[in-house]
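Novice: Below is a structure I'd like to ask you about.
Number of protein chains: 2
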Amino acid sequence: MSLSLPAFADIQDAAARIAPHAVVTPVVNHAALDALTDAHLYFKCENLQRGGAFKFRGACNAVWSLTDEQAKCGVVTHSSGNHGNALAIAAATRGIAAHVVVPEGAVRAKVEAIERAGAIVHRCAATIAAREAKAADVQQATGAVMVHPYADPRVMAGQGTAVLELWQQSGGLEAIIAPVGGGGLLSGCAIAAHGLASAIRMYGAEPSGAADAAQSLASGTRVDHFVPNTVCDGLRALIGAPNLEALREHRVEVITVSDEETIAAMKLLWQQLKLVVEVSSATVFAAVLKQRERFAGRRVGLVLTGGNVDLDALPW
Amino acid sequence: MSLSLPAFADIQDAAARIAPHAVVTPVVNHAALDALTDAHLYFKCENLQRGGAFKFRGACNAVWSLTDEQAKCGVVTHSSGNHGNALAIAAATRGIAAHVVVPEGAVRAKVEAIERAGAIVHRCAATIAAREAKAADVQQATGAVMVHPYADPRVMAGQGTAVLELWQQSGGLEAIIAPVGGGGLLSGCAIAAHGLASAIRMYGAEPSGAADAAQSLASGTRVDHFVPNTVCDGLRALIGAPNLEALREHRVEVITVSDEETIAAMKLLWQQLKLVVEVSSATVFAAVLKQRERFAGRRVGLVLTGGNVDLDALPW
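Which chain is which? The protein sequence lines are A and B, in order. Residues in the first sequence are numbered consecutively from 1, following full-length UniProt numbering. Residues in the second sequence are numbered consecutively from 1, following full-length UniProt numbering.
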């Protein structure tokens, strides 16, 4: 076992830790979508999670994993999206400060949501280097604990709790598929799934315009430079080193999908399932539609990761 | 007990009858909405029901209540909306014909959905008289059984099953609120609720521009002529006579809300709960927001009735 990856027991601990704060999100089925794919699909609705995304699980576990001594100066992260918002909400549940470093050019509505959740927003230039430097500055100045969006084992353990619930709610599964960006969710889910049943087949869904995880698995070397080109704004991060290690250990296969396939899947999820999910979330359904033969006849869990969508700017 | 109203046992039978076909829709909570209303809110997500609305419950119960002899010529109704679609889907589950009388001027997307579900669509002029005449013609010509959208006791019993689930899923409630148009849902829910626990307070939510149920209860006489003026297209029907009787028997109070209040509530449900529901569905949340003191501190069930929304024509 790697020091930088959570164990199954850590995920079970995380589930107990976040239970007073997180939503046990529903799992939904749909007869017509089952017929369309010839599979039994169980959609885990993390779009209905607190903050509108699964990210609250990891952030909440990280915040409540801290000792009082560690927690007293708060937490810090760099994120302009769902992780920043989730960390702000999680910190509020413990009454501690959240510092969120936000790059120039971030979507204003998202930054406002982070502020509304009570976080202290720190601005920086729109490069990875600037973000990391600023976060380090804030950490040094405040004593806040860094909570990385995906490479942190506490975050991975928190995200993995989604699969513990999905397994219980569905009555068992043969395959699970989750989107992959930085890989916090997918690595946590893989560890959780194989703690439950070693036979579960684990899949990631990745935009073909940000297929660094697929390439890293195929080449055996982590791609550490990549210019993403995809509408899936939640999946543009490079896969983290520990996350990639978890994908390898758990023999996770990554299926790539085009933005067109993902947008069509997002539309179908709305039309049939009546759920508006983030375009990143729709990659999982796009992957099942694309590789029908892989999933035919199987009980498949799909993690719908978030619902923070601008209804005035739908991608279709 | 009235001959034209279902008993609690009929609702229990309906639950068993529709179980193989209907979705046990999720119930969701939201900490921020609880804080906003100072109540404990349990949202029953019938927008995630088959066909995107609670209507499938009643239609399915009606279809499967028929003997083989009765069922052999199919079913008929007049509806341009969710009931027509629900009856079409329900008939398909039994492999029988569904005839749906649709007035000229009905929304094309809805008519197409009814056709896609396998129903035979019959056109008529856009008056109540024309609809009823056409439905009677079809009934006579085909031998199909009429399934009225709300005044049919089998339909009321089916709609009431939503409350059996909601009660179970929420762990008990002090008040339940559902929208009222024709009153099929509200009457079924009231009978179900008081079969479970006589102390449950039952409320209807009605657009002030279609407040015939509120007026009928206040005046003691059923309003049988009314020109509705509301964006809530699902709630424009006049309350049915047996439905009104059920509301009286069960001391249901009707809260009226303006379209502005309903639209604001619909937007808030999207922003916070991440569910896009029909504007008619949002009346229940608008009513709780409007009459906060009534619901403060209480465990309140809210039936979100449907999710068949045109995302390109949101009302805000």
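Cβ coordinates follow ideal geometry from the N, Cα and C atoms, glycine included. Quantities reported herein were computed from a predicted structural model and do not represent experimental measurements.
Cβ atoms of His148 (chain B) and His122 (chain B): under 8 Å apart, would you say?
Specialist: Stepping through the second sequence from its first residue, residue 122 (chain B) is reached at position 122. Stepping through the second sequence from its first residue, residue 148 (chain B) is reached at position 148. Cβ atoms of His122 (chain B) and His148 (chain B): not closer than 8 Å.
Novice: Using CA atoms only, rank isn't needed, just tell me which of B:Arg222, B:Gln215, B:His78 and B:Ala130 is closest to Met146 (chain B).
Specialist: Indexing the second sequence from 1 puts residue 146 (chain B) at position 146. With distances taken between Cα atoms, Met146 (chain B) lies closest to B:His78.
Novice: Starting from the Cα of Val254 (chain A), find the closest Cα among A:Glu46, A:Leu196, A:Gly183 and A:Gly51 and give me that residue.
Specialist: Numbered from 1 along the first sequence, position 254 holds the residue referred to as residue 254 (chain A). The shortest C-alpha separation from Val254 (chain A) is found at A:Gly183.
Novice: Taking only runs of the beta strand (DSSP E) that begin and end inside the region 242-316 of chain B, which ones reach a length of at least 3 residues, in chain order?
Specialist: DSSP runs (the beta strand (DSSP E)) wholly in the region 242-316 of chain B: 253-257 and 299-304.
Novice: Starting from the C-beta of Ala125 (chain A), find all residues in its chain whose C-beta is less than 7 Å away, skip the five residues before and the five after it, and write them out in chain order.
Specialist: Along the first sequence, one-based indexing puts residue 125 (chain A) at 125. So the qualifying residues of the chain are Pro103 and Glu104.
Novice: Using a beta-carbon distance below 8 Å, is Asn47 (chain A) in contact with chain B?
Specialist: Taking the first residue of the first sequence as 1, we reach residue 47 (chain A) at position 47. Chain B, which has a Cβ nearer than 8 Å to the Cβ of Asn47 (chain A), makes this yes.
Novice: Using beta carbons (cut-off 8 Å, strictly below), is Gly52 (chain B) in contact with chain A?
Specialist: The residue labelled residue 52 (chain B) in the question sits at position 52 within the second sequence. Judged by the 8 Å Cβ criterion, Gly52 (chain B) is in contact with chain A.
Novice: Look at the alpha carbon of Val155 (chain A) and the alpha carbon of Ala90 (chain A), and state the distance between them as a whole number of angstroms.
Specialist: Numbered from its first residue, the first sequence carries residue 155 (chain A) at position 155. Numbered from its first residue, the first sequence carries residue 90 (chain A) at position 90. Rounded to whole angstroms, Val155 (chain A) to Ala90 (chain A) spans 12 Å at the Cα level.
Novice: Which runs of the alpha helix (DSSP H) spanning at least 4 residues fall entirely within the region 80-118 of chain B, listed in chain order?
Specialist: The region 80-118 of chain B contains these whole alpha helix (DSSP H) runs: 82-94 and 108-116.
Novice: Is the separation between the beta-carbon of Ala157 (chain A) and that of Ala59 (chain A) shorter than 8 Å?
Specialist: The residue labelled residue 157 (chain A) in the question sits at position 157 within the first sequence. The residue labelled residue 59 (chain A) in the question sits at position 59 within the first sequence. Their beta carbons are not under 8 Å apart, which means Ala157 (chain A) does not touch Ala59 (chain A) by this criterion.
Novice: Consult DSSP for Pro153 (chain A) and reduce its assignment to one of helix, strand or coil.
Specialist: By one-based count along the first sequence, residue 153 (chain A) stands at place 153. DSSP places Pro153 (chain A) in helix when its eight states are reduced to three.
Novice: For my contact list, Thr295 (chain A) and Thr37 (chain A) are in at a C-beta cut-off of 8 Å; report their separation, rounded to the angstrom.
Specialist: Residue mapping note: residue 295 (chain A) aligns to position 295 of the first sequence, counting from 1. Residue mapping note: residue 37 (chain A) aligns to position 37 of the first sequence, counting from 1. The question names Thr, but residue 295 (chain A) in the sequence shown is Phe. So it is a contact: roughly 6 Å between Cβ atoms.
Novice: On the DSSP bridge assignment, give the partners of Gly204 (chain B) in chain order.
Specialist: Walking along the second sequence from the start, residue 204 (chain B) turns up at place 204. Note: Gly204 (chain B) sits in a beta bridge opposite B:Ala178 and B:Val254.
Novice: Using a cut-off of 9 Å between C-beta atoms, extract the partners of Val303 (chain B) located in chain A.
Specialist: By 1-based counting over the second sequence, the position of residue 303 (chain B) is 303. In chain order: nothing, as chain A lies at least about 15 Å away.
Novice: Since I believe Phe285 (chain B) is in contact with Leu302 (chain B) (beta carbons under 8 Å), could you give me their beta-carbon distance rounded to a whole number of angstroms?
Specialist: Position 302 of the second sequence, counting from 1, holds the residue named residue 302 (chain B). Position 285 of the second sequence, counting from 1, holds the residue named residue 285 (chain B). At roughly 6 Å, the Cβ-Cβ gap stays under 8 Å, so Leu302 (chain B) and Phe285 (chain B) are in contact.
Novice: Tell me the DSSP secondary structure of Val63 (chain B) in three-state form.
Specialist: Position 63 of the second sequence, counting from 1, holds the residue named residue 63 (chain B). Helix at Val63 (chain B).
Novice: Let's test the definition: count the other Cβ atoms within 10 Å of the Cβ of Gln271 (chain A) and tell me whether it reaches 16, buried, or not, exposed.
Specialist: Indexing the first sequence from 1 puts residue 271 (chain A) at position 271. Label assigned to Gln271 (chain A): exposed.
Novice: Might you give, ordered along the chain, the residues of its own chain that have their beta carbon closer than 6 Å to the beta carbon of Met266 (chain A), omitting 5 neighbours on each side?
Specialist: Position 266 of the first sequence, counting from 1, holds the residue named residue 266 (chain A). So the list reads Val279 and Ala282, once near-sequence residues are dropped.
Novice: Residues in the same chain with beta-carbon distance under 8 Å from Pro153 (chain B), minus the five sequence neighbours each way, listed in chain order, please.
Specialist: Reading the second sequence from its first residue, position 153 is the one you call residue 153 (chain B). Cβ within range, chain order: Ser4, Leu5, Pro6, Asp10 and Pro242.
Novice: Tell me, which residues are paired with Ile120 (chain A) by DSSP?
Specialist: Taking the first sequence and counting its residues from 1, the one referred to as residue 120 (chain A) is at position 120. DSSP lists A:His99 as partners of Ile120 (chain A).
Novice: For Thr230 (chain A), report the span of its beta strand (DSSP E) as first-last.
Specialist: Here residue 230 (chain A) is taken as the residue at index 230 of the first sequence, counted from 1. Looking at the DSSP string, Thr230 (chain A) is not in any beta strand (DSSP E), and its letter there is neither H nor E.
Novice: Here's a check: name, in chain order, each residue in its chain whose Cβ is nearer than 6 Å to the Cβ of Gln12 (chain B), leaving out the five neighbours to either side.
Specialist: Translated into positions along the second sequence, residue 12 (chain B) becomes position 12. None.
Novice: So, with DSSP's three-state summary, where would you put Cys189 (chain A)?
Specialist: Position 189 of the first sequence, counted from the first residue, corresponds to residue 189 (chain A). Three-state DSSP puts Cys189 (chain A) in a helix.
Novice: Counting C-beta neighbours from all protein chains within 10 Å, is the total for Glu261 (chain A) 16 or more, i.e. buried, or is it exposed?
Specialist: As a position in the first sequence, residue 261 (chain A) is number 261, starting the count at 1. With 16 or more other Cβ atoms within 10 Å, it is buried.
Novice: Taking a Cβ distance cut-off of 9 Å, strictly less, list which residues of the region 193-218 of chain B are near chain A, in chain order.
Specialist: Flagged: no residues at all.
Novice: Please state the DSSP three-state secondary structure of Leu41 (chain B).
Specialist: On the second sequence, residue 41 (chain B) is found 41 positions in, with the first residue counted as 1. Correct three-state label for Leu41 (chain B): strand.
Novice: Under a Cβ-count criterion, where at least 16 other Cβ atoms within 10 Å of its own Cβ denotes burial, should Asn229 (chain A) be classed as buried or exposed?
Specialist: The residue labelled residue 229 (chain A) in the question sits at position 229 within the first sequence. With fewer than 16 other Cβ atoms within 10 Å, it is exposed.
Novice: Please classify His194 (chain B): does DSSP put it in a helix, a strand, or coil?
Specialist: Reading the second sequence from its first residue, position 194 is the one you call residue 194 (chain B). The answer is helix: DSSP assigns His194 (chain B) an H, G or I state.
Novice: When the Cα atoms are used, what is the spatial distance from Pro315 (chain B) to Leu268 (chain B)?
Specialist: The sequence position of residue 315 (chain B) within the second sequence is 315, counting from 1. The sequence position of residue 268 (chain B) within the second sequence is 268, counting from 1. In a straight line, the C-alpha of Pro315 (chain B) is about 13 Å away from that of Leu268 (chain B).
Novice: Quick one: residues in its chain with C-beta nearer than 7 Å to the C-beta of Ser246 (chain B), no 5 flanking neighbours on either side, listed in chain order?
Specialist: Residue mapping note: residue 246 (chain B) aligns to position 246 of the second sequence, counting from 1. Before going on, a small fix: residue 246 (chain B) reads as Ala here, not Ser. Cβ neighbours of Ala246 (chain B) beyond the five flanking positions: Leu5, Ser187, Ala190 and Ile191.
Novice: For a quick check, are the C-beta atoms of Val27 (chain A) and Leu166 (chain A) less than 8 Å apart?
Specialist: Residue 27 (chain A) sits at position 27 when you count from the first residue of the first sequence. Residue 166 (chain A) sits at position 166 when you count from the first residue of the first sequence. Yes. Within cutoff.
Novice: Note down, in chain order, every chain B residue with its Cβ under 9 Å from the Cβ of Asn29 (chain A).
Specialist: In the first sequence, residue 29 (chain A) corresponds to position 29, counting from 1. Residues of chain B passing the Cβ test: Val23.
Novice: Does the CB of Asp72 (chain B) have a neighbour CB from chain A at under 8 Å?
Specialist: By 1-based counting over the second sequence, the position of residue 72 (chain B) is 72. Residue identity differs from the one stated: residue 72 (chain B) is Lys in this sequence, not Asp. So no, Lys72 (chain B) is outside the interface.
Novice: Can Gly118 (chain A) and Ala88 (chain A) be called in contact, C-beta distance under 8 Å?
Specialist: Here residue 118 (chain A) refers to the residue found at position 118 when the first sequence is read from its first residue. Here residue 88 (chain A) refers to the residue found at position 88 when the first sequence is read from its first residue. Taking 8 Å as the Cβ cut-off, Gly118 (chain A) and Ala88 (chain A) qualify as a contacting pair.
Novice: Where does Ala218 (chain A) sit, in a helix, a strand or coil, going by DSSP?
Specialist: The residue you call residue 218 (chain A) lines up with position 218 of the first sequence. Ala218 (chain A) falls in the helix class under three-state DSSP.
Novice: Alpha carbon to alpha carbon, what distance is there between Phe8 (chain B) and Ser2 (chain B)?
Specialist: For this step, residue 2 (chain B) is matched to residue 2 along the second sequence. For this step, residue 8 (chain B) is matched to residue 8 along the second sequence. Any reading at Ser2 (chain B) must be qualified, since the residue scores a pLDDT of 47, below 50, and its modelled position is unreliable; the value itself is stated next. Each residue's alpha carbon lies about 12 Å from the other.
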